[in-house]
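Residue numbers (the numbering used here), protein chains in the order written: chain X, 97 to 503; chain A, 97 to 503. Ideal Cβ positions, reconstructed from N, Cα and C, are used throughout, including at glycine. Being a predicted model, the structure only gives us computed values, none of them experimental. The next block holds one structure in the form of structure tokens; read it before the comments.
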């Protein structure tokens, strides 16, 4: 992705609270009812510029309306989020509850109401237990700190582990940190932002520049992940920048803007891969690389079609190098291409080229599917563009989880 | 669908060989290697007019090229089909094999080569064992008869049962028969014609009228089925009309054309439902009805989005009336609508309306998912159009079948 080899990006521990001036906390308040944390707060001790991207699903969770208003007003510096109930398809009462969450968190943090973003994830069509949410917000505010682990845990639903990434990069002589915490697992086929992703940076960044950075990074990372083809009504990605690093405020024209953008994209990409790896029931991360298309959009559409195919996903689970399914999924992607010009690889094993099967050891191709990270590559001869998409295998466990999610 | 209540359509036994003048046969020739029939012939003893619809997948099986030529030349009156190997992504040799199949069958039946359509279904990317195909064609030609059961069996892959439908309808004072035989099961998300569907009629029908009839019926039936969202490269539906019934040749303007069209659509619809019901691993037929949209295309897109959602499918398997997933799938269908104007039912139990959950007995809603045929209804308040789509649940067995299809 990054063609400027002078950009050095170092990974550091932590997530959304890794950047200077950010604190976070997460507690159990009884929404999930399973003894796990379910309410989180993320807070910048300084004022922020903020950006967000939202689901394109026509059905939108009530919190997204509140958050969209807040981001449009500018200067969001805190996020309150619960798991267990998505507060989507909940009518007027749901919207009132989302505004109440915003007001309660603003009061607990001592900031103005419009500076709070709100997010909820979980079951659709149920109302939030507001008294529990209220005491959860108070408890979370009381335990804010630089360790974001509790926050990362509080936003999970069927995820099996937390997802935190943080990096540092030099911008105008100043080291800035970009961190992020996300959740994923099911109903993952984002169309602008995945389920929930909270990115923060202590860089000073002009608002329009911040939005452009997040939108572009999202398009190449969260929007390239699919677990099950279902786009959630709750998807949102938020990027907060509080300037604590002391750099000169970044704009799209700043000489070091590419370094900052690459750092944000790297955090988003690593979180996106973690979401795919932890897809519901998944045993493997599947990375599909499409090269040699006329433009990136075509490569992305082809890669997403392959990584989203139930048949490809089941074949990966079964360690069956059934490349016909890969070619078939490319064929129904709505991208026009010449099948005779396609070459296909499972790992390093070439299986198809020149319009016909390529002789190979079946066992070697199957073995390429047996590791925790599977790479499928398609090379077309139509141009220089490329794209990557991420997904996971389709397993018995996916069916079990989703046949009994609410019970 | 049919608003003319004077049209009487009677179901009779049989399938593609039910109409007067058609014979069929199916034998085992060793392509599948599982002791099951794998080569079928369908033959009209009289000349025919013919129509076909093909997959829109960019990747197309070699037989489809041969069949397209034959249908364009006009007068296809026989079909040779094998299961076990799809002869897709097989390069020049695959195309030569498909032409050879056509020539061998024409010789065995004593008709001109261009009057033969060819179809293959099964594993993608393997070459046909042509000596077995050749002896299979001879054997099948020797056992042609009015009983289409062997033919229906020979075209199956992972299907668990044969799919045959036949009806009779009166056209201009003459009783005509329309029959069809299909296969489905996996890689079913047709975009023009399902895997394989062979329809026949002893009506005399003008060619353009026949094509229009098949295209329209396909759009409302086979194209409304999804098992797994994967559009196969081998999909084809063929309709042969041999005129043996002795009716006056039908055109689009014939007074009784609607009766004929409705008979064809009924055969196609019943076959489509059979394909959904026998989807890989399926335990239930899922019928999604969308009403009250501005046009039929919107209703169809909404219905297909719901019936194609892995999360809805898994919820049906788990008998979990998780209606939030239904609303969510409508939301990402790319159809624009007002979620607050939507009403949702599982069976007869209303679960959502006026933008908010509707109080209902959870157990009753779950019970509506426990039968062999599940109906989910969405009613919008935006117009008078409606559409139905069919699918099946997502089960452990689907994963098992597709994790080990080739092994």
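> Would a check of beta-carbon distances place residue 483 of chain X closer than 7 Å to chain A?
Replying inline: The residue given as residue 483 of chain X occupies position 387 in the first chain. It does not: the Cβ of residue 483 of chain X has no partner Cβ on chain A nearer than 7 Å.
> Would you say residue 253 of chain X faces chain A, with C-beta separation under 7 Å as the test?
Replying inline: Here the question's residue 253 of chain X lines up with position 157 in the first chain. For residue 253 of chain X, the answer is no, since every Cβ of chain A falls outside 7 Å of its Cβ.
>> If we define contact as Cβ-Cβ less than 7 Å, is residue 318 of chain A a contact residue for chain X?
In response: Position 222 of the second chain, counted from the first residue, corresponds to residue 318 of chain A. No, no contact with chain X.
> In whole angstroms, what is the alpha-carbon distance linking residue 214 of chain X and residue 455 of chain X?
Replying inline: Within the first chain, numbered from 1, the residue matching residue 214 of chain X stands at position 118. Within the first chain, numbered from 1, the residue matching residue 455 of chain X stands at position 359. Distance between the alpha carbons of residue 214 of chain X and residue 455 of chain X is about 55 Å.
>> Below 8 Å on C-beta distance, what does residue 492 of chain A contact in chain X?
In response: As a first step, residue 492 of chain A must be located in the second chain, where it is residue number 396. Here the neighbours are 492, 495, 496.
>> Below 8 Å on the Cβ atoms is my contact criterion, and I expect residue 367 of chain X with residue 487 of chain X to pass it. Report the Cβ-Cβ distance as a whole number of Å.
In response: Taking the first residue of the first chain as 1, we reach residue 367 of chain X at position 271. Taking the first residue of the first chain as 1, we reach residue 487 of chain X at position 391. So it is not a contact: roughly 15 Å between Cβ atoms.
>> I'd like to confirm the pairing. Which residues does DSSP put opposite residue 435 of chain X in its beta bridges?
In response: Here the question's residue 435 of chain X lines up with position 339 in the first chain. Residue 435 of chain X is not bridged to any residue.
> Is the Cβ of residue 150 of chain X closer than 7 Å to any Cβ of chain A?
Replying inline: Here residue 150 of chain X refers to the residue found at position 54 when the first chain is read from its first residue. Judged by the 7 Å Cβ criterion, residue 150 of chain X is not in contact with chain A.
> Which residues in the same chain as residue 357 of chain A place their Cβ atom closer than 8 Å to its Cβ, once the five residues preceding and following it in sequence are excluded?
Replying inline: Counting from one through the second chain, the residue named residue 357 of chain A turns up at place 261. 309, 312, 313.
>> Residues in the same chain with beta-carbon distance under 6 Å from residue 496 of chain X, minus the five sequence neighbours each way, listed in chain order, please.
In response: If you number the first chain from 1, residue 496 of chain X lands on position 400. Around residue 496 of chain X: no qualifying Cβ.
> Since residue 229 of chain X and residue 173 of chain X are thought to touch, with beta carbons under 8 Å apart, how far apart are those beta carbons, to the nearest angstrom?
Replying inline: Residue mapping note: residue 229 of chain X aligns to position 133 of the first chain, counting from 1. Residue mapping note: residue 173 of chain X aligns to position 77 of the first chain, counting from 1. That belief does not hold up - the Cβ atoms of residue 229 of chain X and residue 173 of chain X are roughly 20 Å apart, past 8 Å.
> What do you get for residue 183 of chain X, buried or exposed, if any count of 16 or more other CB atoms within 10 angstroms of its CB means buried?
Replying inline: Walking along the first chain from the start, residue 183 of chain X turns up at place 87. It is buried - the Cβ of residue 183 of chain X has at least 16 other Cβ atoms within 10 Å.
> DSSP puts residue 346 of chain X in a beta bridge; with which residues?
Replying inline: Counting from one through the first chain, the residue named residue 346 of chain X turns up at place 250. Answer is X:301.
> Whole-angstrom Cβ separation of residue 139 of chain A and residue 338 of chain A, contact assumed at under 8 Å?
Replying inline: On the second chain, residue 139 of chain A is found 43 positions in, with the first residue counted as 1. On the second chain, residue 338 of chain A is found 242 positions in, with the first residue counted as 1. Actually they do not touch by this definition, with Cβ atoms about 10 Å apart.
> If you run the structure through DSSP and keep just helix, strand and coil, what is residue 333 of chain X?
Replying inline: Here residue 333 of chain X refers to the residue found at position 237 when the first chain is read from its first residue. Correct three-state label for residue 333 of chain X: strand.
>> For the alpha helix (DSSP H) containing residue 448 of chain A, name the first residue and the last one.
In response: In the second chain, residue 448 of chain A corresponds to position 352, counting from 1. No alpha helix (DSSP H) holds residue 448 of chain A; the beta strand (DSSP E) holding it covers 445–449.
> Does residue 473 of chain A have its Cβ less than 7 Å from a Cβ in chain X?
Replying inline: What you label residue 473 of chain A is simply residue 377 of the second chain in a count that begins at 1. No, no contact with chain X.
>> Under 9 Å, CB to CB, which of the residues in the region 171–192 of chain X have a partner in chain A?
In response: 182, 184, 185, 186, 187, 188, 189, 190
>> List, in chain order, every chain X residue whose beta-carbon is nearer than 8 Å to that of residue 153 of chain A.
In response: In the second chain, the residue the question calls residue 153 of chain A occupies position 57. Those within 8 Å of residue 153 of chain A in chain X are 424, 427, 428.
> Taking the C-alpha atoms as reference points, what is the distance between residue 393 of chain X and residue 371 of chain X?
Replying inline: As a first step, residue 393 of chain X must be located in the first chain, where it is residue number 297. As a first step, residue 371 of chain X must be located in the first chain, where it is residue number 275. Cα-Cα distance, rounded: 22 Å.
>> Please classify residue 467 of chain A as buried or exposed, where buried requires at least 16 other C-beta atoms within 10 Å of its C-beta.
In response: Here residue 467 of chain A is taken as the residue at index 371 of the second chain, counted from 1. So residue 467 of chain A ends up on the exposed side.
> Could you give the distance in angstroms between the alpha-carbon of residue 407 of chain A and the alpha-carbon of residue 113 of chain A?
Replying inline: Working through the second chain from its first residue, we reach residue 407 of chain A at position 311. Working through the second chain from its first residue, we reach residue 113 of chain A at position 17. Looking at the two C-alpha atoms, the distance is approximately 39 Å.
> How many whole angstroms separate the CB atoms of residue 363 of chain A and residue 295 of chain A, which I take to be in contact at a CB cut-off of 8 Å?
Replying inline: Indexing the second chain from 1 puts residue 363 of chain A at position 267. Indexing the second chain from 1 puts residue 295 of chain A at position 199. Sure, about 6 Å apart at Cβ, within 8 Å.
> When you check each C-beta in the region 391–412 of chain A against every C-beta of chain X, which residues fall closer than 9 Å?
Replying inline: 404, 405, 406, 407, 408, 409, 410, 411, 412
> By the 10 Å Cβ neighbour count, where 16 or more other Cβ atoms means buried, how is residue 365 of chain X classified, buried or exposed?
Replying inline: Reading the first chain from its first residue, position 269 is the one you call residue 365 of chain X. Buried: at least 16 other Cβ atoms inside 10 Å.
> Beta carbon of residue 278 of chain X, beta carbon of residue 103 of chain X: below 7 Å?
Replying inline: As a first step, residue 278 of chain X must be located in the first chain, where it is residue number 182. As a first step, residue 103 of chain X must be located in the first chain, where it is residue number 7. The answer is no: Cβ separation not under 7 Å.
> What whole-angstrom Cβ distance do residue 235 of chain A and residue 125 of chain A have, given they're in contact under 8 Å?
Replying inline: As a first step, residue 235 of chain A is located in the second chain; it is residue number 139 there, counting from the start. As a first step, residue 125 of chain A is located in the second chain; it is residue number 29 there, counting from the start. 7 Å between Cβ atoms; contact.
> Residue range of the alpha helix (DSSP H) that residue 162 of chain A falls in?
Replying inline: One-based indexing of the second chain puts residue 162 of chain A at position 66. Run containing residue 162 of chain A: 158–169, per the alpha helix (DSSP H) assignment.
>> Using the three-state DSSP reduction, which class does residue 482 of chain X fall into: helix, strand or coil?
In response: Along the first chain, read from residue 1 onward, the residue named residue 482 of chain X stands at position 386. It is a strand residue.
> If we ignore side chains and look at the alpha-carbon of each, how far apart do residue 121 of chain X and residue 383 of chain X end up?
Replying inline: The residue labelled residue 121 of chain X in the question sits at position 25 within the first chain. The residue labelled residue 383 of chain X in the question sits at position 287 within the first chain. Straight-line Cα distance between these residues: approximately 33 Å.
> Which partner residues of residue 471 of chain X appear in the DSSP bridge assignment?
Replying inline: In the first chain, counting from the first residue as 1, residue 471 of chain X sits at position 375. DSSP output for residue 471 of chain X lists X:383 as bridge partner(s).
> Hey, is residue 289 of chain X's beta-carbon within less than 7 Å of any beta-carbon in chain A?
Replying inline: Position 193 of the first chain holds residue 289 of chain X. Reliability fails at residue 289 of chain X, whose pLDDT of 35 lies under 50, so the model's placement of it is uncertain and no value is given.
> When you compare only the Cα positions, how much space is there between residue 498 of chain A and residue 410 of chain X?
Replying inline: Within the second chain, residue 498 of chain A is the residue found at index 402, counting from 1. Within the first chain, residue 410 of chain X is the residue found at index 314, counting from 1. Rounded to whole angstroms, residue 498 of chain A to residue 410 of chain X spans 5 Å at the Cα level.
>> Please identify the residue among X:146, X:447, X:268, X:128 whose C-alpha is closest to the C-alpha of residue 306 of chain X.
In response: Numbered from its first residue, the first chain carries residue 306 of chain X at position 210. Residue X:146 is the option with its Cα nearest to residue 306 of chain X.
>> Counting only Cβ pairs nearer than 7 Å, list the residues of chain A close to residue 219 of chain X.
In response: Against the first chain, residue 219 of chain X aligns to sequence position 123. Simply 420.
>> If I follow the unbroken beta strand (DSSP E) through residue 137 of chain X, where does it start and stop?
In response: Counting from one through the first chain, the residue named residue 137 of chain X turns up at place 41. 135–140 is the span of the beta strand (DSSP E), which, as asked, contains residue 137 of chain X.
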